[in-house]
Amino acid sequence: MNPSALSPDQLALQARARELAAGPVAARAAEVDRTEQYPWDNVELLKDAKLVGMTIPTQYGGQGKNWLDAVLAIEALSSACAVTGRIAVETNMGAISAVMAYGSEEQKKMAADMVLAGDKPAICITEPDAGSDANGMTTRADKKGNRYVLNGRKHWITGGGVSRLHLIFAKVYDEKGTFEGIGGFLAIRDETKGLKITKREPTMGLRGIPEAVIDLEDMDVPPSALVIPPRGLKKGFADLMTAYNSQRVGAATVALGIAEGAYRLALDWSEKRHQFGRPINEFQGLQWKLADMSIKLAASRALVHNAARSGEGGFPDMLMAAQAKVFTSESAIQVVNDALQFFGARGYSRELPLERMARDVRMFTIGGGTAEVLRNVVAGALLKKKLPQTRDGWDKA
Ligand SMILES: CC(C)(COP(=O)(O)OP(=O)(O)OC[C@H]1O[C@@H](n2cnc3c(N)ncnc32)[C@H](O)[C@@H]1OP(=O)(O)O)[C@@H](O)C(=O)NCCC(=O)NCCSC(=O)CCS(=O)O
Ligand SMILES: Cc1cc2nc3c(=O)[nH]c(=O)nc-3n(C[C@H](O)[C@H](O)[C@H](O)COP(=O)(O)OP(=O)(O)OC[C@H]3O[C@@H](n4cnc5c(N)ncnc54)[C@H](O)[C@@H]3O)c2cc1C
1 MNPSALSPDQ LALQARAREL AAGPVAARAA EVDRTEQYPW DNVELLKDAK
51 LVGMTIPTQY GGQGKNWLDA VLAIEALSSA CAVTGRIAVE TNMGAISAVM
101 AYGSEEQKKM AADMVLAGDK PAICITEPDA GSDANGMTTR ADKKGNRYVL
151 NGRKHWITGG GVSRLHLIFA KVYDEKGTFE GIGGFLAIRD ETKGLKITKR
201 EPTMGLRGIP EAVIDLEDMD VPPSALVIPP RGLKKGFADL MTAYNSQRVG
251 AATVALGIAE GAYRLALDWS EKRHQFGRPI NEFQGLQWKL ADMSIKLAAS
301 RALVHNAARS GEGGFPDMLM AAQAKVFTSE SAIQVVNDAL QFFGARGYSR
351 ELPLERMARD VRMFTIGGGT AEVLRNVVAG ALLKKKLPQT RDGWDKA
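Start counting the sequence shown at 1; every next residue gets the next number (UniProt numbering).
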């Protein structure tokens, strides 16, 4: 499929996002990084441009747009400011998409209203002892009378401290202590008792969004806070991860956007910068670098767009989302690193955006499933086999 075959509406959306990115978003990007402050001004801009909650169905106040629409906006925004791109991811994909697909009417209305008002929901899966092995989480939700009581610790939660709505993955136990499966609980910061933001991680890049530790200490919620996936709690983890595939495509898109932004800067500089009496793009060593960078970008874009398209009417395909995220995140790191090289010492300076881009892009082979673990996902899907990673997994299988 030709990834450039976009509809007139999509081209208009892309143009709107590009304009915003090149204007106020680009102008603030360095400050967002330096101050490590969440860009609330940009959230207002995104709201005004109708780039938050785009994928929310129209009956809940959204625009019913598809994953590719969201991808086009995220890519454009991320080329100028990856933090803003990530906000666009989490206001259109991930937790919000899980609630809009699986939630009750009450949950959908609440989540849609919050996102359309500018809240970026937090998705809380990872724990200190359960990262790649997310299924091994120990956060538990115990049914006690007509309530659920949650205890556990989540860490590296994007938006911890700024997000209000949280979708918290937990192992659910009935009144007798019998394990029922993994479910997602909705909680609201400053409203839900027992939801505590306890630490901000000092991060390498993407410094305008906090990454936080979240402690759940007897967090008490009614059963109406539980998002029940279509196949029930027994397949709760698989269904929640199915929804998460949208955010995997979103994360890949942010990496692509950062790489695209860095590549454009390098292309431009290669004409302006002269050494040995001629533009540096007359040197074959750099021409081949530019060629390789453009090839990686084109291949990444095709994978990301095709993964997004695979989700028409549902969530992006697990295999295509994983393939896109592995290739794009690894390629983007290489492209940004090469772009920085074009600037020589200037690229290493904090006065130019290249060093920020190099720090920002590094995240994407880690967050959202590491490149190694996603290769396991790809291999399992290709081989149509469970590939247990535990020592005794094959015996159990
Ligand atoms: C899935 C893993 C945690 C591996 O765990 P297991 O080996 O214990 O489990 P599996 O048997 O592979 O999977 C269990 C069950 O779930 C289904 N599944 C798993 N992944 C997906 C998926 N992506 N889409 C659809 N279904 C999925 C799987 O088919 C099984 O179903 P059945 O029970 O057989 O029917 C591990 O592979 C993994 O993904 N680890 C990474 C965890 C992760 O991605 N964390 C992200 C946290 S959020 C974040 O990082 C945000 C950053 S960002 O900006 O986006
Ligand atoms: C910036 C950022 C934002 C994040 N945002 C969120 C968020 O909003 N919500 C959330 O829930 N989580 C979030 N995360 C957490 C992220 O999902 C985890 O970091 C990721 O899943 C990896 O877990 P881990 O860090 O514990 O690494 P580990 O699982 O400890 O992995 C360590 C190393 O071992 C490798 N490894 C582990 N298992 C295998 C295997 N079976 N085969 C091959 N290699 C393996 C890994 O690839 C990695 O190289 C974020 C992380 C970052 C960096």
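We treat Cβ as the ideally placed atom computed from N, Cα and C, and that holds for glycine.
DSSP three-state label for residue i, please.
i, result
"P3", "Because the pLDDT of P3 is 47, which lies under 50, any placement of that residue in the model is unreliable, and the question is left without a value."
"Y348", "helix"
"M137", "coil"
"M397", "It is Ala, not Met, that sits at residue 397 in the sequence shown. In the structure shown, A397 sits in coil (DSSP, three-state: anything other than H, G, I, E or B)."
"D268", "helix"
"L290", "helix"
"R153", "strand"
"D215", "strand"
"I168", "strand"
"T158", "strand"
"A198", "This sequence places Thr at residue 198; Ala is not what is there. Looking at T198 - three-state DSSP - the assignment turns out to be strand."
"D220", "strand"
"A321", "helix"
"K144", "strand"
"L77", "helix"
"G277", "coil"
"F283", "coil"
"L186", "strand"
"G181", "strand"
Is the Cβ-Cβ distance between residue i and residue j less than 8 Å?
i, j, result
"E75", "T253", "yes"
"N245", "F315", "yes"
"R140", "A170", "yes"
"P24", "V83", "no"
"residue 404", "A243", "Because the chain here runs from 1 to 397, residue 404 falls outside it and cannot be looked at."
"A67", "G261", "Residue 67 is actually Trp in this sequence, not Ala. Cβ distance not < 8 Å, so W67 and G261 don't count as in contact."
"G205", "D360", "yes"
"L240", "G152", "no"
"L150", "I182", "no"
"D174", "K193", "no"
"A308", "V249", "yes"
"R189", "S163", "yes"
"K65", "T91", "no"
"L165", "A111", "yes"
"A88", "L116", "no"
"A381", "M318", "yes"
"N281", "Q275", "no"
"G367", "A238", "no"
"Q10", "I123", "no"
"E127", "K108", "no"
"V43", "G118", "yes"
"G131", "I209", "no"
Since residue i and residue j are thought to touch, with beta carbons under 8 Å apart, how far apart are those beta carbons, to the nearest angstrom?
i, j, result
"T55", "M93", "7 Å"
"A212", "I197", "5 Å"
"A371", "V326", "5 Å"
"residue 399", "T328", "No answer is possible for residue 399: it lies beyond the span of the chain, which begins at 1 and ends at 397."
"A21", "S79", "6 Å"
"A332", "V304", "About 11 Å; that fails the 8 Å criterion."
"L340", "E355", "7 Å"
"I258", "V172", "I258 to V172, Cβ: 38 Å. No contact."
"F342", "L352", "F342 to L352, Cβ: 11 Å. No contact."
"I157", "I214", "5 Å"
Requested in this report: Please specify which runs of the alpha helix (DSSP H), each continuous and at least 4 residues long, are wholly inside the segment 3-63, giving them in chain order.
Outcome: 8-20, 26-35, 40-48
Report task. Could I get the ranges of all uninterrupted alpha helix (DSSP H) runs contained in the segment 223-260, with 4 residues as the minimum, in chain order? Result -> none
**Report entry** beta strand (DSSP E) runs contained entirely in the segment 66-128, provided each spans 3 or more residues
**Finding:** 122-124
Report task. Mind listing, in chain order, the continuous alpha helix (DSSP H) runs of no fewer than 4 residues lying wholly within the segment 350-374? Result -> 354-361
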